[in-house]
Amino acid sequence: MKKIEVGILSLVLLLALALRLYKINRPIADWHSWRQADTAAVARNFIKEGYNPLVPRFDDMSSQANGLDNPNRYRFVEFPIYNSIVAGIWTITGVNDTAARLTTVVITLVSTLLLYLLVRIFSGWQIAALSTFFFATIPYNVFYSSTILPAPLMVFFLLALYLSFYKWLEKIQI
């Protein structure tokens with residue numbers, strides 16, 4: 001990478017970080033607060049009740065979508081990778097919404113870098129810088145990348161998959 005590339009990418013990443021740190025310590029009372037509270041509850045219960053990713057539990061005993069009772073508080077959504085990461089961080093920091101939000105911020109910053117690398121392969125560094133800038137500053141992305149939700153981790157995994165797949169194809173020269 002050229003110095004100008006590194007400089008521009010660094011500025012975009014710093015801007016992305018600054019935008020996401022705004023009110024990072026807010027309580028879980030914003031948009032999709034129920035979903036965030038459920039995600040945080042699963043992570044907290046991994047610490048409180050013992051870690052078992054095959055049986056995630058949250059703090060709601062309401063019936064399941066199929067109408068069956070749920071007295072054991074099972075949480076049947078995505079596999080709890082994000083919740084496990086947050087629970088691991090909370091074992092260090094204590095249960096703390098800000099630490100969970102910062103986890104999502106770090107994941108998103110790495111996603112931003114992966115997007116840059118992926119776009120750079122196909123379109124050059126200027127388009128990659130522009131794409132990364134838009135990804136870093138679009139309001140919905142800024143909001144969701146500082147929430148306690150697993151979606152930013154999915155974006156990270158998808159970008160890592162695409163980049164890894166391309167590198168693999170390049171290596172075997174198909």
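The sequence shown: position 157 = 157 (full-length UniProt numbering), numbered continuously. Here a beta-carbon is modelled for each residue, glycine too, at the ideal position from N, C-alpha and C.
Can you check DSSP and say which residues form a bridge with residue i?
| i | result |
| --- | --- |
| Tyr-74 | Arg-57 |
Starting from residue i, trace the alpha helix (DSSP H) in both directions and tell me its first and last residue.
| i | result |
| --- | --- |
| Phe-165 | 151-172 |
| Asn-66 | Segment: none, Asn-66 is in no alpha helix (DSSP H) and carries neither H nor E. |
| Ala-37 | 33-49 |
| Ile-127 | 125-137 |
| Lys-3 | 3-21 |
| Ile-85 | 81-93 |
When you compare each of the options to residue i by their alpha carbons, which one comes out closest?
| i | options | result |
| --- | --- | --- |
| Asn-45 | Asp-59, Leu-54 and Ser-145 | Asp-59 |
| Leu-149 | Ala-99, Gly-50 and Ile-4 | Ala-99 |
| Ser-62 | Gly-94, Asn-72, Val-55 and Thr-108 | Asn-72 |
| Thr-112 | Ile-172, Lys-23, Glu-49 and Ala-16 | Ala-16 |
| Asn-96 | Ala-65, Glu-78 and Thr-147 | Thr-147 |
| Ala-85 | Thr-137, Gly-67 and Ile-107 | Contrary to the premise, residue 85 reads as Ile rather than Ala in this sequence. Looking at the Cα atoms, Ile-107 is the closest of the given residues. |
| Thr-132 | Lys-2, Leu-14 and Asn-66 | Leu-14 |
| Ile-8 | Ala-160, Phe-157, Ala-136 and Asn-52 | Ala-136 |
Check whether the Cβ of residue i lies closer than 7 Å to any heavy atom of the ligand GDP, and answer yes or no.
| i | result |
| --- | --- |
| Met-1 | The ligand GDP is not part of the structure shown, which contains no ligands of any sort. |
ask   = Counting pairs of beta carbons, one from the segment 82-93 and one from the segment 124-137, are three or more of them closer than 8 Å?
value = no
message = For the segment 20-27 against the segment 134-147, do three or more pairs of beta-carbon atoms, one drawn from each stretch, fall closer than 8 Å, so that the two count as touching?
response = Because the criterion of three Cβ pairs below 8 Å is met, the segment 20-27 and the segment 134-147 touch.
task = Would you be able to state if there are at least three C-beta pairs under 8 Å between the segment 115-122 and the segment 157-172?
result = Look at the beta carbons and you see the segment 157-172 touching the segment 115-122: at least three pairs across the two are nearer than 8 Å.
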